[in-house]
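Enquirer:
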Amino acid sequence: MKAAILGKKVGMTTVFQEDGTQVPCTVIVAGPCPVTQIKTKDTDGYKAVQIGFDEKPAKGVIKPIKGHFEKAGVKPTYLLREFRDFSASVSLGETLTVEQFNKGDKINISGTSKGRGFQGVVKRHGFSGVGMRTHGQSDRERAPGSIGGSSYPSRVVKGIRMAGRMGGDRVTVRNMVVVDVFPEQNIILVKGSVPGAPNSYLELVKKI
487 MKAAILGKKV
497 GMTTVFQEDG
507 TQVPCTVIVA
517 GPCPVTQIKT
527 KDTDGYKAVQ
537 IGFDEKPAKG
547 VIKPIKGHFE
557 KAGVKPTYLL
567 REFRDFSASV
577 SLGETLTVEQ
587 FNKGDKINIS
597 GTSKGRGFQG
607 VVKRHGFSGV
617 GMRTHGQSDR
627 ERAPGSIGGS
637 SYPSRVVKGI
647 RMAGRMGGDR
657 VTVRNMVVVD
667 VFPEQNIILV
677 KGSVPGAPNS
687 YLELVKKI
């Protein structure tokens, strides 16, 4: 069972608590999110609630998607996501806000991590590098070293950590603490950092 909402990462700030403790926080604009579809076991084979976020001009929406929004009686949005086991009883066209969350709640936040492009093993996996600056190895400081055995197994085993594309993955950070909620501005503050760059979309889920 859960309560959920979609949002957009704004950036980070600092909040000082009553005892003077400094808490780093991420500012998230969450909602309002219209309910665009309610799936049931009879019609779809499973129960889920689909919600949208970030209003989109109707001019750029293709007809099938436009009809989907018109059926729900809401305006088109850039983002659509569905959540299973939604605990709250919601109706089609209803708007979800940050008022679902309270100060001190623990929530799971999912987003897409920053894309870093092609990176070596030092940055991608935290290798220390095998080369030395002396002994004529000026170009081997950040090399990965040996990647396989010679006589046995005479091949490179699967899953070995090597250079490659880094970032751009779906990441979920669990049990993040809600520091404060501002329903008037549709803003929620959570303790610590969340995946993604500023203006990237996030999914906020509270287990009940």
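The opening position of the sequence shown corresponds to residue 487 in this note's numbering, with each subsequent residue numbered one higher.
We put the beta carbon where it would ideally sit given N, CA and C, even for glycine.
Using only CA atoms, which one of Asp571, Thr512, Arg656 and Val657 lies nearest to lysine 527?
Expert: The residue labelled residue 527 in the question sits at position 41 within the sequence shown. Comparing Cα positions, the closest option is Asp571.
Enquirer: Strictly by DSSP, which residues pair up with leucine 688?
Expert: The residue given as residue 688 occupies position 202 in the sequence shown. DSSP output for leucine 688 lists Gly493 and Gly597 as bridge partner(s).
Enquirer: Between the C-alpha atoms of isoleucine 646 and methionine 498, what's the straight-line distance to the nearest angstrom?
Expert: On the sequence shown, residue 646 is found 160 positions in, with the first residue counted as 1. On the sequence shown, residue 498 is found 12 positions in, with the first residue counted as 1. If I take the Cα positions, the gap works out to 35 Å.
Enquirer: Can you tell me whether threonine 581 is helix, strand or coil according to DSSP?
Expert: Here the question's residue 581 lines up with position 95 in the sequence shown. Threonine 581 falls in the strand class under three-state DSSP.
Enquirer: Kindly indicate which residue of Pro684, Leu566, Leu688 and Asp591 has the alpha-carbon position closest to the one of isoleucine 537.
Expert: Taking the sequence shown and counting its residues from 1, one reaches residue 537 at position 51. Closest by alpha carbon: Leu566.
Enquirer: Check whether the segment 601-612 and the segment 532-547 are in contact - that is, three or more C-beta pairs closer than 8 Å.
Expert: With the cut-off at 8 Å, the segment 601-612 and the segment 532-547 do not touch.
Enquirer: Between which two residues does the alpha helix (DSSP H) harbouring isoleucine 551 extend?
Expert: The count along the sequence shown starts at 1 and reaches residue 551 at position 65. From DSSP, the alpha helix (DSSP H) with isoleucine 551 extends over 549-558.
Enquirer: Is DSSP giving glutamate 568 helix, strand or coil here?
Expert: Working through the sequence shown from its first residue, we reach residue 568 at position 82. The answer is strand: DSSP assigns glutamate 568 an E or B state.
Enquirer: For asparagine 588, which residues in the same chain have their Cβ closer than 8 Å to its Cβ, ignoring the five residues on either side in sequence?
Expert: Taking the sequence shown and counting its residues from 1, the one referred to as residue 588 is at position 102. Val664 and Val667, listed in sequence order.
Enquirer: I'd like to confirm the pairing. Which residues does DSSP put opposite isoleucine 524 in its beta bridges?
Expert: Here residue 524 corresponds to residue number 38 of the sequence shown, with the count starting at 1. Val535.
Enquirer: Using a Cβ-Cβ cut-off of 6 Å (strictly less than) and excluding sequence neighbours within five positions of glycine 654, which residues of its own chain qualify?
Expert: Counting from 1 along the sequence shown, the entry for residue 654 is found at position 168. Cβ neighbours of glycine 654 beyond the five flanking positions: Gly601.
Enquirer: Using 8 Å as the cut-off, can you tell me whether the segment 577-588 makes contact with the segment 513-531, which would need three or more C-beta pairs spanning the two stretches below that distance?
Expert: Yes, they touch.
Enquirer: Closer than 8 Å by C-beta to lysine 533: which residues in its own chain qualify, once you throw out the five before and the five after it? Chain order, please.
Expert: Along the sequence shown, one-based indexing puts residue 533 at 47. Once the five neighbours on either side are set aside, the close Cβ partners of lysine 533 are Lys525, Thr526, Lys527, Arg570, Asp571 and Phe572.
Enquirer: Nearest CA to the CA of alanine 649: which residue from Lys592, Val501, Lys542 and Gly615?
Expert: Numbered from 1 along the sequence shown, position 163 holds the residue referred to as residue 649. The shortest Cα separation from alanine 649 among Lys592, Val501, Lys542 and Gly615 belongs to Gly615.
Enquirer: On the DSSP bridge list, what partners appear for glycine 650?
Expert: Counting from 1 along the sequence shown, the entry for residue 650 is found at position 164. Paired residue(s): Gln605.
Enquirer: Helix, strand or coil: how does DSSP classify glutamate 541 here?
Expert: Here residue 541 is taken as the residue at index 55 of the sequence shown, counted from 1. Glutamate 541: strand per DSSP, three-state reduction.
Enquirer: I need the straight-line Cα distance from asparagine 661 to glutamine 623, nearest angstrom please.
Expert: Reading the sequence shown from its first residue, position 175 is the one you call residue 661. Reading the sequence shown from its first residue, position 137 is the one you call residue 623. Approximately 46 Å between the Cα atoms of the pair.
Enquirer: With a Cβ-Cβ cutoff of 8 Å, do valine 501 and valine 521 count as a contact?
Expert: Along the sequence shown, one-based indexing puts residue 501 at 15. Along the sequence shown, one-based indexing puts residue 521 at 35. Contact flag unset, no.
Enquirer: Any idea if valine 560 is buried or exposed, counting beta-carbon neighbours within 10 angstroms, 16 or more meaning buried?
Expert: Position 74 of the sequence shown, counting from 1, holds the residue named residue 560. It is buried - the Cβ of valine 560 has at least 16 other Cβ atoms within 10 Å.
Enquirer: So, under 8 Å CB-CB, leucine 690 and isoleucine 491 are touching, yes? Tell me the CB distance rounded to an integer number of Å.
Expert: Numbered from its first residue, the sequence shown carries residue 690 at position 204. Numbered from its first residue, the sequence shown carries residue 491 at position 5. Rounded, the Cβ-Cβ distance is 5 Å, consistent with contact.
Enquirer: Could you tell me which residues DSSP puts in a beta bridge with aspartate 666?
Expert: The residue you call residue 666 lines up with position 180 of the sequence shown. According to DSSP, which records beta bridges pairwise, aspartate 666 is partnered with Leu675.
Enquirer: Give the single residue among Gln671, Ser599 and Val607 whose Cα lies nearest to the Cα of tyrosine 687.
Expert: As a working note, residue 687 is residue 201 in the sequence shown. When only C-alpha atoms are compared, the closest one is Ser599.
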